[in-house]
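Structure first, commentary second.
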Amino acid sequence: MENKNQISNIKYQKYGVHLQWTTSLYFIFNILFFIFLSGCVSQQKIKQPICPPITSVEQASTSIGEYYAGIRPIKAVGSCTVKYRGQGNKPAVMSFPVRLWFENSEKFCVYGDVLFDPKGIGFAVDGEDFWAYAKPMGFYAAGKKDKPIDEKIGGGFFCPTVIFDFLNPLDADGVNALLISSSNAIRCTDSESRRVKKIYLGQCDKFVRKVEYLDRTGRTSIAAEFDDYKKVADGNFYFPHKLTYKHCKGRKCSDSMDIKFDSVKLWQPSDKQIEALFSKPEK
């Protein structure tokens, strides 16, 4: 007579109960595992530091001035993407490698490699003068850097004061500055031209993160943003690796230029390099 208490019989007789327990345990373990992961995630969350905001225009000016004083000549390579309205007002995109040589805010140049021409697009500021060109578009402009360029020319991106204005945006005479404490920003109005710009600073690092240039109606004409600040190798200062410029008309900012630097290094300019880089091209 077969023993009903044999292990083989117990195994098969209890299989249904065993399956139910297995399912229940699987469900319980999943819940526990989820709770465990949730706990880990919450523990791994990095607490953002609480930094005091800018409390005065003088504090902002000092912070920006100290940053600019530490900048040394650099050279950088990266890429540039320009989005604009082409023929028939159709959206167009142009991407190309870009190189930067920066001695100071009074002397720098940017070249774009387009159509197998390493200087197919160029922009330079040399003392009081500037020049800019884009061979594929047949565009050329030159003049004094302090004189505004018509916004219709070059989509407003060839304005000499825009590209590196963020390095020392408060360095101008006859500017009335007002603190916007809620935005950690400074609103600057030129007493002569009445042009207005807003300078937004980082909450903790106090780096310039955004500059808005307003038109006469008070709307943003050009918005410039600066991100991914990294310490320059062998240099005791930081420089943004991502620069974004948007040209706005009304409430739309359809034209834009994005520059992303892959490498930013110190540069020791020689006389030959200066001559080659800052020779004004023929029209």
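Once you know that position 100 of the sequence shown is 99 in numbering that gives the first Met the number 0, the rest is easy, because the numbers rise by one and skip nothing.
No residue lacks a Cβ here, since even glycine has one placed at the ideal position from N, Cα and C.
In this text, all values refer to a predicted model and were calculated from it rather than measured experimentally.
**Report entry** Straight-line gap, G69 to R193 (C-alpha atoms, nearest Å)
**Finding:** 30 Å
Query raised in the report: Going along the chain, which residues of its own chain have a beta-carbon closer than 6 Å to the beta-carbon of G234, five neighbours each way excluded?
Result: R71 and L265
Requested in this report: Compare the Cα-Cα distances from L169 to each of E224, Y66 and A131 and report the closest residue.
Outcome: Out of E224, Y66 and A131, the CA that lies nearest to the CA of L169 is found in Y66.
Query raised in the report: Does the beta-carbon of E274 have 16 or more other beta-carbons within 10 angstroms, so that it is buried, or is it exposed?
Result: Taking a 10 Å sphere around the C-beta of E274, we find fewer than 16 other C-beta atoms and assign the residue as exposed.
**Report entry** Reduced DSSP category for I185 - H, G, I as helix; E, B as strand; rest coil
**Finding:** strand
Report task. Determine the DSSP secondary structure at S55, reduced to helix, strand or coil. Result -> coil
Report task. Assign F163 to one of three DSSP states: helix, strand, or coil. Result -> coil
Report task. Return yes when at least one heavy atom of the ligand ADP lies under 7 Å from the C-beta of A123, else no. Result -> The ligand ADP is not part of this structure, which contains no ligands at all.
Query raised in the report: My guess is that K144 and T160 are in contact by the Cβ rule of under 8 Å, so how many angstroms apart are they, rounded?
Result: 7 Å between Cβ atoms; contact.
Query raised in the report: Apart from the five residues just before and just after D164, which ones in its own chain have a Cβ nearer than 7 Å to its Cβ?
Result: V210
Query raised in the report: If you draw a straight line from the C-alpha of R250 to the C-alpha of P96, how long is it?
Result: 30 Å
Query raised in the report: Around the C-beta of K229, are 16 or more other C-beta atoms found within 10 angstroms, so that it is buried, or is it exposed?
Result: exposed
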